[in-house]
Structure formats: structure tokens, C-alpha cells
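A.B. asks: Quick one: structure below, then a few questions.
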Amino acid sequence: MIKCPSCGGEMQYDPKNQKVKCQYCGSLFDTQELEKNMKESKAQEDTYEGKQYQCTECGATLLNFDDTAITFCSYCGSQAMLEDKMITQNNPDVVIPFQKTKEECIEAYRQKVSQFVFAPSYMKSDTVVDRFRGIYMPYGIYDLKYEGSATSIGQKYSCRRGDYNYYDDYSIVAEDVNTSYHGVSFDLVSKFYDNFSTSIPFLIKDAVPFNPAYLAGYYADCLDVKKEVYDNMAKSIVMPDLQKRFQSHKEYARYGCTAPNIILKTEPKVGMFPVYFLAIRNQKNDAIHYAVVNGQTGKVAIEIPIDFKKYFLLSVIIAMVIFVLLNMSTTLKPTTVLVFSLVASIISFFFSKAQLRRIKEKVEHSTDIGYTSVHRNAPLKGDKPSEMGMNAALKAAAQDKKQKQKEDKKLSRKFLFKEILAILISAIVLCMHMVEDTYYYVAAITALVLVVLSFSDLVKEHNLMVSNKLPQFEKRGGDFSG
Numbered sequence: 294m295i296k297c298p299s300c301g302g303e304m305q306y307d308p309k310n311q312k313v314k315c316q317y318c319g320s321l322f323d324t325q326e327l328e329k330n331m332k333e334s335k336a337q338e339d340t341y342e343g344k345q346y347q348c349t350e351c352g353a354t355l356l357n358f359d360d361t362a363i364t365f366c367s368y369c370g371s372q373a374m375l376e377d378k379m380i381t382q383n384n385p386d387v388v389i390p391f392q393k394t395k396e397e398c399i400e401a402y403r404q405k406v407s408q409f410v411f412a413p414s415y416m417k418s419d420t421v422v423d424r425f426r427g428i429y430m431p432y433g434i435y436d437l438k439y440e441g442s443a444t445s446i447g448q449k450y451s452c453r454r455g456d457y458n459y460y461d462d463y464s465i466v467a468e469d470v471n472t473s474y475h476g477v478s479f480d481l482v483s484k485f486y487d488n489f490s491t492s493i494p495f496l497i498k499d500a501v502p503f504n505p506a507y508l509a510g511y512y513a514d515c516l517d518v519k520k521e522v523y524d525n526m527a528k529s530i531v532m533p534d535l536q537k538r539f540q541s542h543k544e545y546a547r548y549g550c551t552a553p554n555i556i557l558k559t560e561p562k563v564g565m566f567p568v569y570f571l572a573i574r575n576q577k578n579d580a581i582h583y584a585v586v587n588g589q590t591g592k593v594a595i596e597i598p599i600d601f602k603k604y605f606l607l608s609v610i611i612a613m614v615i616f617v618l619l620n621m622s623t624t625l626k627p628t629t630v631l632v633f634s635l636v637a638s639i640i641s642f643f644f645s646k647a648q649l650r651r652i653k654e655k656v657e658h659s660t661d662i663g664y665t666s667v668h669r670n671a672p673l674k675g676d677k678p679s680e681m682g683m684n685a686a687l688k689a690a691a692q693d694k695k696q697k698q699k700e701d702k703k704l705s706r707k708f709l710f711k712e713i714l715a716i717l718i719s720a721i722v723l724c725m726h727m728v729e730d731t732y733y734y735v736a737a738i739t740a741l742v743l744v745v746l747s748f749s750d751l752v753k754e755h756n757l758m759v760s761n762k763l764p765q766f767e768k769r770g771g772d773f774s775g
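Given below as C-alpha cells:
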């Protein structure tokens, strides 16, 4: 806990002044000055303390650094946050201090939401946006380097003799290779989903040695993802650039050599990065949407559902305008209307198919490396599960996969049935070459009705894709020990 040296009041880090400000007497203090005072008051210098609060509804855990109680959960919006105990955390290596105020965060959020015509009105209310909370999220920071020699093999056409082409083999050795990459980062909180963390990248140049004074007035999350989980991902990000640099050398191009297959060494550190986090419950109170704002750059990532009433009203207006313009400019033939219905059905089908795939990825967290490493018991280097435990895990995984397949089929039938039926009706009537126009009109009207209904399904799919069920989280914990 950080107290004002002048009056003993609560302190808060002020992003505007880049100093710590007393909330009672208004005194400003340099972070280094406060850190010195804190070190003098305790023997250990590699840990910091925080008051732990846990949500009884979803199990999320947050650390608080002043005497005010946490009144609601940042992750699920529940009012049931219970104070647990004072806990000690190992210091991370670095921290990026908050540089954006809460007011700037709210303004950035409002501007983002205003860009979406169909955004529900409740997402813009003062009551909702005021629940933004500044949280320091633990990130793994990866420095990658390679020192030594690198050998590449290449071939170059030499000559042709009879029916054979001859090539000369070449070996190029690069001596004293010394390359490094710094600041590749990934969040180390399994429930801070990767799609959010990658959408609000941080600038590592602003990172400073960790100082608990930066935490004053904010909250902190606890890491539960091992740093080693993202080793391969960090390497895959920098390797294309490294290979490009090798191949750009004239000797490599001259002899057709590929870039050498070198192994980068990783040196992961832990940092605390600033995030403004907001959980928005929908009007039915059965799902939640998330918004995050980068506390360093102000970049926003948000899940925005579609207000069906707004969507329906605007769609009707646009449809009426298009109908009037078409009716004034040309005479619509029944076959033309049916072809239009067929094309609209096919487009709707592929849109729906793509959205269902994204919904499946989100529900299963199949593209979220951090989440799967924690919640699917993915074996990491050094793990040695027992044979019995492994068999039980495999059996549970098989049952889970079977259940997911059933759910996928059910979801596909629910959302793709109308498009498929519209395509079949349109295609069959067009192929039958009916003489009477009545058949074409009936088929076209039927297909168009199904298409309209399918577009309403697209809205439902989108809202499902940007929603999270409640409760969404399990109990978690951890510290900053490597």
C-alpha cells in the first residue's frame, strides 16, 4: 500500500503529470522518490503487496493497492467482489506506465462506438462507460537473438549434357552472425483473450524498470500463463524478417541459397502493461461484451453487437429506395428476380458459413494460445503427467470433442437451413424452365423471404460472435516468478 509521505492519504499515479498524486493534499511525488521511501520501510526489494479481491460469481481475481474496496468485478460486472487477503507478488522486470487518463479512454471509446450505426444505445450511456477500470496486465516480453555462424546450401545451373542438366552445389557460411530482436510481447492472462491483446499493441520503448509507485490508484491482474508458452510464436514473428535479410544479400541470390535454418534464443521477461477494461452486460443480462483501451496509446478494441431494431428500420428504408429506383428504370422479369434471389442466397450462405466458423473458434478458443495452455491442460516443457491422469484427460477430451461436433451441427442447421432452402428453390425452378411466369414469381418471393430471414440470422450470429456467456471465468492465480 502506498501512502502520501506528507499526510498519509491515498495516492494515485497521474498519467498527465507522470507523477504520483495524493488524493487528499494534492502533493505530487516522483516515482523514484516514492520507491526509495518504500525500500527504506521494508527489507525486501523484489516484491510488492496488494489486497486481493475475488469475484464470487466468475472467480476472477484482482489486486488493489489502496484502502478502497472493489465494488464490482471488471470481468463479469458482478457486485460480489469479496476481499480475500493481502498477498505478496514478485516484481515484474518492467512496467509501461499509464499515459492516458480515464477521461481520454472514455472519449476514445465513445468515438469508436459512434462509428457503428447499429450499435445499441445502452453501450453509450454514462453509467456504462464510467465503469472503465485501469488494470495493469502482465505480459511476457521476448528478446530473441542469435550469435555464431550460419550455413546455407544452394544450387546454380551449370550446363546441359545430353538429356541431363547439371547443377553446381554451393555452401555459403556467414561468420560472426550477431542479430537480435527486442520487445515482442504477449499477454500472460488466459482470460485476457489474445484477440484483444493483439488488437491494442504496446510500444516497448516506453517501458521502465518496475516501480510499485506506478500501481498507485490502479489495479493489477495475476498471470496464469507460463512465459514459455509463447516462445514459438515469438520466433515465428521475427523469422520471416531474419530470412528476408539473409536472402537480400547478393551472394545468397547469386547462388540460389535459401536462408539458413538457425535457432533463435529467447530471453523472456515479465512486464506490466496498462489497459482500461470494460465489461458491458446486455439488456437481457445473459451475456457480456468487452471493450479494452490501451492505456499507453489510446487504441480501442471492442465487441459491438447490432441493435436489431436499428438494423431492420434502415434495411427497410434502403430496400424501398432500391425497389422504387429499379421499378422506375426497368421492368423486372420473373427470371431476373429469381436469379437475384439465388445470388443473394449464395452470398448470405457464405457470409453465414464464415461467421459460424469464427463463432466456433471463439467458443472453443482454438486460436487463443494462452487460454488453451491453461484451460486445456496442454503439456508444457517439464510437465510429466501420470499415465492414469493422461488417460482420463484423453477420454474427457474425446467426449468434449464429440459434444462440440453435435453443437456445431445443431448450430449449422439453425443458421444455414434458410439459405440452403432458398438456393435449392431458385436453382430447381431455373433449371426446369417453367413456361408460366407464376412459378418464377412464387419461387422468387419464397426465396427472397428466406433470404430476408437469413439476414436476420446473420445479425444473431454476429451478436453471438461478440458475446461471452456468464459466468465466463474460473478461479485463477499466480505470481511473477518465472
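Under the numbering used here, the first residue of the sequence shown is numbered 294, with each subsequent residue one higher.
Here a beta-carbon is modelled for each residue, glycine too, at the ideal position from N, C-alpha and C.
Going by C-alpha distance, which of Ser747, Thr629, Phe642 is nearest Val722?
C.D. replies: Taking the sequence shown and counting its residues from 1, the one referred to as residue 722 is at position 429. Residue Thr629 is the option with its Cα nearest to Val722.
A.B. asks: Can you give, in chain order, each stretch of the alpha helix (DSSP H) that sits fully within the region 437-494 and has at least 4 residues?
C.D. replies: As far as the region 437-494 is concerned, its whole alpha helix (DSSP H) runs of at least 4 residues are 487-490.
A.B. asks: Within this structure, are the beta carbons of Asn791 and Tyr346 separated by less than 9 Å?
C.D. replies: The structure shown does not extend to residue 791, since the chain is modelled only from 294 through 775, so no value can be given for it.
A.B. asks: Using a beta-carbon distance below 9 Å, is Cys315 in contact with chain B?
C.D. replies: The structure shown has no chain B; it contains just one protein chain.
A.B. asks: In the DSSP assignment, what are the bridge partners of His582?
C.D. replies: Here the question's residue 582 lines up with position 289 in the sequence shown. According to DSSP, His582 bridges with Ile573.
A.B. asks: Tell me which residues share the same chain as Val394 and place their Cβ nearer than 7 Å to its Cβ, disregarding the 5 neighbours each side in the sequence.
C.D. replies: Walking along the sequence shown from the start, residue 394 turns up at place 101. The sequence given here has Thr at residue 394, not Val. Same-chain partners within the cutoff: Pro308, Lys309.
A.B. asks: Going by DSSP, what residues sit across from Gly564 in a beta bridge?
C.D. replies: Here residue 564 corresponds to residue number 271 of the sequence shown, with the count starting at 1. Per DSSP, Val387, Tyr432.
A.B. asks: Buried or exposed: where does Gln589 fall if 16 or more other Cβ atoms within 10 Å of its Cβ makes it buried?
C.D. replies: Taking the first residue of the sequence shown as position 1, residue 589 is located at position 296. When all chains shown are included, Gln589 counts as buried.
A.B. asks: Among residues of its own chain, excluding the 5 on either side of Asp323, which ones have a beta-carbon nearer than 7 Å to its beta-carbon?
C.D. replies: Residue mapping note: residue 323 aligns to position 30 of the sequence shown, counting from 1. The answer, listed in chain order, is Lys312.
A.B. asks: Which residues mark the beginning and the end of the alpha helix (DSSP H) in which Ile652 is found?
C.D. replies: The residue labelled residue 652 in the question sits at position 359 within the sequence shown. Here the alpha helix (DSSP H) through Ile652 covers 627-657.
A.B. asks: Thinking Ile581 and Gly370 are a contact (beta carbons under 8 Å), I'd like their distance in whole angstroms, please.
C.D. replies: What you label residue 581 is simply residue 288 of the sequence shown in a count that begins at 1. What you label residue 370 is simply residue 77 of the sequence shown in a count that begins at 1. Going by Cβ atoms, the distance from Ile581 to Gly370 rounds to 6 Å, so yes, they are a contact pair.
A.B. asks: With a Cβ-Cβ cutoff of 9 Å, do Tyr733 and Pro627 count as a contact?
C.D. replies: Along the sequence shown, read from residue 1 onward, the residue named residue 733 stands at position 440. Along the sequence shown, read from residue 1 onward, the residue named residue 627 stands at position 334. Cβ atoms of Tyr733 and Pro627: closer than 9 Å.
A.B. asks: Pair every Cβ in the region 633-641 with every Cβ in the region 743-750, then say whether three or more of these pairs are closer than 8 Å.
C.D. replies: The region 633-641 vs the region 743-750: in contact.
A.B. asks: Hey, quick one: how far does the beta strand (DSSP E) through Glu342 stretch, first residue to last?
C.D. replies: For the purposes of this step, residue 342 is identified with residue 49 of the sequence shown, where counting begins at 1. Note, Glu342: beta strand (DSSP E), 340-348.
A.B. asks: Tell me the rounded alpha-carbon separation between Tyr545 and Ser442.
C.D. replies: Taking the sequence shown and counting its residues from 1, one reaches residue 545 at position 252. Taking the sequence shown and counting its residues from 1, one reaches residue 442 at position 149. Approximately 15 Å, taken between the alpha carbons.
A.B. asks: So if DSSP puts Phe322 in a beta bridge, which residue, or which two residues, is it bridged to?
C.D. replies: Locating residue 322 in the sequence shown gives position 29, where the first residue counts as 1. Its beta-bridge partners are Val313.
A.B. asks: Nearest to Leu289 by alpha carbon, out of Pro385, Tyr507, Leu355, Cys348?
C.D. replies: Absent from the model: residue 289. The displayed extent of the chain is 294 to 775, so no value can be given.
A.B. asks: For Ser478, count the other beta carbons within 10 Å of its own beta carbon; 16 or more makes it buried, fewer makes it exposed. Which is it?
C.D. replies: Mapped onto the sequence shown, residue 478 falls at position 185. By the 10 Å Cβ count, Ser478 comes out buried.
A.B. asks: Under 8 Å by Cβ, that's how I've got Gly447 and Thr551 pegged, so tell me the actual separation to the nearest angstrom.
C.D. replies: As a working note, residue 447 is residue 154 in the sequence shown. As a working note, residue 551 is residue 258 in the sequence shown. The Cβ separation is near 7 Å, so the contact holds.
A.B. asks: Is the Cβ-Cβ distance between Phe605 and Ser414 less than 9 Å?
C.D. replies: Residue 605 sits at position 312 when you count from the first residue of the sequence shown. Residue 414 sits at position 121 when you count from the first residue of the sequence shown. No, the pair does not count as a contact, with Cβ atoms beyond the cut-off.
A.B. asks: Over the uninterrupted beta strand (DSSP E) stretch that includes Thr354, give me the two end residues.
C.D. replies: To locate residue 354, count along the sequence shown from 1; it is residue 61. Start and end: 354-357.
A.B. asks: Roughly how many angstroms lie between the CA atoms of Ala671 and Thr665, to the nearest whole one?
C.D. replies: To locate residue 671, count along the sequence shown from 1; it is residue 378. To locate residue 665, count along the sequence shown from 1; it is residue 372. Residue confidence is low: Ala671 scores 46 on pLDDT, short of 50, so the model does not pin down where it sits. No coordinate-derived value is stated.
A.B. asks: Which residue wins for smallest C-alpha separation from Pro561, given the options Val632, Tyr450, Leu481?
C.D. replies: Within the sequence shown, numbered from 1, the residue matching residue 561 stands at position 268. Closest by alpha carbon: Leu481.
A.B. asks: On the DSSP bridge list, what partners appear for Ala594?
C.D. replies: For the purposes of this step, residue 594 is identified with residue 301 of the sequence shown, where counting begins at 1. DSSP, once it has assigned bridges, lists Val585 as partnering Ala594.
A.B. asks: Any contact between the region 752-763 and the region 568-582? By contact I mean 3 or more CB pairs, one from each, below 8 Å.
C.D. replies: Touching, yes, given that three or more Cβ pairs across the two stretches are closer than 8 Å.
A.B. asks: Rounded to whole angstroms, how far is the Cβ of Asp397 from the Cβ of Gly564, which I believe are closer than 8 Å?
C.D. replies: To locate residue 397, count along the sequence shown from 1; it is residue 104. To locate residue 564, count along the sequence shown from 1; it is residue 271. The sequence given here places Glu at residue 397; Asp does not occur at that position. So it is not a contact: roughly 22 Å between Cβ atoms.
A.B. asks: Count the other C-beta atoms from every protein chain shown that fall within 10 angstroms of the C-beta of Leu717, then say buried if there are 16 or more, exposed otherwise.
C.D. replies: If you number the sequence shown from 1, residue 717 lands on position 424. Leu717 should be labelled exposed.
A.B. asks: Identify, in the order they occur along the chain, each residue of the same chain with its Cβ nearer than 8 Å to the Cβ of Met379, setting aside the five sequence neighbours on each side.
C.D. replies: Here residue 379 corresponds to residue number 86 of the sequence shown, with the count starting at 1. Hits under 8 Å: Glu342, Gly343, Lys344, Gln345.
A.B. asks: Mapping DSSP to helix, strand and coil, what is Ala513?
C.D. replies: Along the sequence shown, one-based indexing puts residue 513 at 220. In this structure, Ala513 counts as strand in the three-state DSSP scheme.
A.B. asks: Report the option in Val421, Phe503, Phe425, Leu557 whose CA atom is closest to the CA atom of Asp386.
C.D. replies: Position 93 of the sequence shown, counted from the start, is the residue given in the question as residue 386. Asp386 has its Cα closest to that of Phe503, out of Val421, Phe503, Phe425, Leu557.
A.B. asks: Which residue marks the beginning of the beta strand (DSSP E) containing Met532, and which one marks its end?
C.D. replies: What you label residue 532 is simply residue 239 of the sequence shown in a count that begins at 1. That residue, Met532, is in no beta strand (DSSP E); its alpha helix (DSSP H) goes 524-540.
A.B. asks: So, helix, strand or coil for Val501, using DSSP?
C.D. replies: Translated into positions along the sequence shown, residue 501 becomes position 208. Strand, per DSSP.
A.B. asks: Smallest Cα separation from Val586: which of Ser492, Asn384, Met304?
C.D. replies: As a position in the sequence shown, residue 586 is number 293, starting the count at 1. Minimum Cα distance to Val586 is reached at Ser492.
A.B. asks: Please state whether the Cβ-Cβ distance between Tyr306 and Ala509 is less than 9 Å.
C.D. replies: Within the sequence shown, numbered from 1, the residue matching residue 306 stands at position 13. Within the sequence shown, numbered from 1, the residue matching residue 509 stands at position 216. Result yes, Cβ atoms of Tyr306 and Ala509 sit closer than 9 Å.
A.B. asks: Over what stretch of residues does the beta strand (DSSP E) that includes Tyr733 continue unbroken?
C.D. replies: Taking the sequence shown and counting its residues from 1, the one referred to as residue 733 is at position 440. Not the beta strand (DSSP E): Tyr733 falls in the alpha helix (DSSP H), residues 730-758.
A.B. asks: Do the CB positions of Val388 and Tyr439 come within less than 9 Å of each other?
C.D. replies: Stepping through the sequence shown from its first residue, residue 388 is reached at position 95. Stepping through the sequence shown from its first residue, residue 439 is reached at position 146. No.
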